[in-house]
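Please read the structure below before turning to the comments.
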Amino acid sequence: MPLIQIDLDRELFEAKRDEISDAIHQAQIETLEIPADDKFQIFRPYEPGEQRVQFNHDRPNQMIVHITMVRRYSVATKLALYQQILVNLGRLGIAPADVHIPVMENGFEDWYAGRID
Amino acid sequence: MPLIQIDLDRELFEAKRDEISDAIHQAQIETLEIPADDKFQIFRPYEPGEQRVQFNHDRPNQMIVHITMVRRYSVATKLALYQQILVNLGRLGIAPADVHIPVMENGFEDWYAGRID
Amino acid sequence: MPLIQIDLDRELFEAKRDEISDAIHQAQIETLEIPADDKFQIFRPYEPGEQRVQFNHDRPNQMIVHITMVRRYSVATKLALYQQILVNLGRLGIAPADVHIPVMENGFEDWYAGRID
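Chains as they are written, first to last, in the numbering used here: chain V, 14 to 130; chain B, 14 to 130; chain C, 14 to 130.
Written out as structure tokens, the structure is:
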């Protein structure tokens, strides 16, 4: 079960939290083929001044979609995931230039996920 | 020195922060054999609506215990750590079904820990 | 583009946010040779009681500089980065004993950074 941690401007969070949640989740279902009820997200709304972006002065409110998941997906699958997240967020008016996605991978043994299997 | 980052419902944090801190720390001492004074934890209390859980609708307030540590422990040791965390949190009334533990590993060279050794 | 996530006491954040942002960024420029406009930082100010430190009772307000970057730098380069961060923060009155730096690495394929290259 991938864990999604989303840093985003508090104003955007307040306005579109449900839509953003579903947009990212749908992208995972479509490209990683996870079960549809496998949503596990934390939003971390940031206040003005808590994020510093210098590479893109005129677009300071970057959304960061941190994905933590087991090392099992091909590069092609990862790229498809990023692309689908961008498409789905784009439908909400969030531009690809305002999104960052870092992925961190670990092993199956690196999770306790609510039950010992 | 493992770094522990704990996402949890703000209400639970306010009610049991000391006990939760000790429960997780004791599990590390018992299973990783870290020094007793080696506690390094950050709590990130979340507000209602900042966490989205779909796999377990009736238990929305998951606690996530992120562990970042050097790659040096066996799978058996990791499983023992998870188990002991669950036992210790269980004594506080926190059910195993409400806990998630992702582990991220790095190397010895990937830390500056308050001093250059 | 390294992603920097900084946990720090809210009071310190309020007092020196700009200086801390620049201190860490300059260290990256000097030791990783990143482009000067490549700053991407998130501050996570914590409230009293949200961080628990037991190894250093009398210095409870540790700053954690989380660095997420591609696996491409030598150990020597990483050590130089830590050292320069400490020197630059030291100029702001922040002691090396109050700083922690964990590094997490991933691959080039583990990033979407605002554009598909």
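For every residue, glycine included, the Cβ atom is placed at its ideal position computed from N, Cα and C.
Inset, instruction - Could you check which residue in Ala-108/C, Arg-128/C, Gly-120/C has the C-alpha nearest to that of Asp-71/C? - result: When each option's Cα is compared against that of Asp-71/C, the closest is Ala-108/C.
Legend entry - Residue(s) in a DSSP beta bridge with Leu-21/C: Looking at the DSSP output, Leu-21/C bridges to Pro-58/C.
Legend entry - Run of the beta strand (DSSP E) containing Ile-80/B, from where it starts to where it stops: Under the DSSP assignment, Ile-80/B falls in the beta strand (DSSP E) whose first and last residues are 76-83.
Inset, instruction - Name the one or two DSSP bridge partners that Ala-126/C has. - result: DSSP lists His-113/V as partners of Ala-126/C.
Inset, instruction - Determine the chain V residues that contact Arg-30/C at a beta-carbon separation under 8 Å, and present them in chain order. - result: What Arg-30/C touches in chain V, judged by beta-carbon distance under 8 Å, is Gly-62, going in chain order.
Legend entry - CB contact check: Arg-65/C to chain B, cutoff 8 Å: Flagged as an interface residue toward chain B: Arg-65/C, by a C-beta distance shorter than 8 Å.
Legend entry - Ile-101/V to Gln-39/V span [Cα, whole Å]: A small fix is needed here, since residue 101/V is Asn in this sequence, not Ile. The alpha-carbon atoms of Asn-101/V and Gln-39/V are separated by roughly 8 Å.
Inset, instruction - For Val-78/C, count neighbouring Cβ atoms within 10 angstroms of its own Cβ and tell me buried if that reaches 16, exposed if not. - result: Burial call: buried.
Legend entry - Pairwise C-alpha distance: Leu-25/V and Thr-81/V: Note on geometry: alpha-carbon atoms of Thr-81/V and Leu-25/V lie some 23 Å from one another.
Legend entry - Which listed residue (Asp-123/C, Tyr-59/C, Gln-75/C) has its alpha carbon closest to that of Pro-115/V: Selected option, being the one with the closest Cα: Asp-123/C.
Inset, instruction - For Asn-69/C, name the three-state secondary structure that DSSP assigns. - result: The three-state secondary structure of Asn-69/C, taken from DSSP, is coil.
Legend entry - Minimum C-alpha distance to Leu-99/C - residue among Glu-43/C, Phe-53/C, Ile-55/C: By alpha-carbon distance to Leu-99/C, the top candidate from Glu-43/C, Phe-53/C, Ile-55/C is Glu-43/C.
Legend entry - Separation of Arg-30/V from Gln-54/V, as counted between CA atoms: Taking the straight line joining both Cα atoms gives about 11 Å.
Inset, instruction - State yes or no: is the C-beta of Gln-75/B within less than 8 Å of the C-beta of Gln-67/B? - result: Not in contact: Gln-75/B and Gln-67/B (Cβ atoms no closer than 8 Å).
Inset, instruction - Check whether the Cβ atoms of Ala-110/V and Met-14/V sit closer than 8 Å, and answer yes or no. - result: No, the Cβ-Cβ distance between Ala-110/V and Met-14/V is not below 8 Å.
Legend entry - Own chain, CB closer than 8 Å to Ala-49/V, minus 5 neighbours either side, in chain order: The beta carbon of Ala-49/V sits closer than 8 Å to the beta carbons of Ile-42 from its chain, once the five residues preceding and following it are set aside; these are given in chain order.
Legend entry - For Leu-105/B and Glu-32/B, the rounded distance between their alpha carbons: Straight-line Cα distance between these residues: approximately 7 Å.
Legend entry - Beta carbon proximity, Met-117/B to chain C, threshold 8 Å: Chain C contact via Cβ: present.
Legend entry - Asn-101/C at chain B interface by Cβ criterion, 8 Å: Chain B contact via Cβ: absent.
Inset, instruction - Could you tell me which residues DSSP pairs with Phe-53/B in its beta bridges? - result: BP columns for Phe-53/B point to Val-66/C.
Legend entry - Val-112/V at chain C interface by Cβ criterion, 8 Å: Yes, Val-112/V counts as interfacial toward chain C.
Legend entry - Within-8 Å CB hit, Val-83/B to chain V: Judged by the 8 Å Cβ criterion, Val-83/B is not in contact with chain V.
Legend entry - Partner residues on chain V for Phe-121/B, Cβ-Cβ distance less than 9 Å: Ordered by position in chain V, no residue passes the 9 Å Cβ test against Phe-121/B, which lies about 18 Å from the chain.
Legend entry - Option in Arg-84/V, Ala-89/V, Gln-18/V with minimal Cα separation from Arg-57/V: If we check each option's Cα against that of Arg-57/V, Gln-18/V comes out closest.
Inset, instruction - Taking 8 Å as the cut-off, decide whether the C-beta atoms of Tyr-86/B and Leu-45/B are in contact. - result: Against a cut-off of 8 Å, the Cβ pair of Leu-45/B and Tyr-86/B comes out as a contact.
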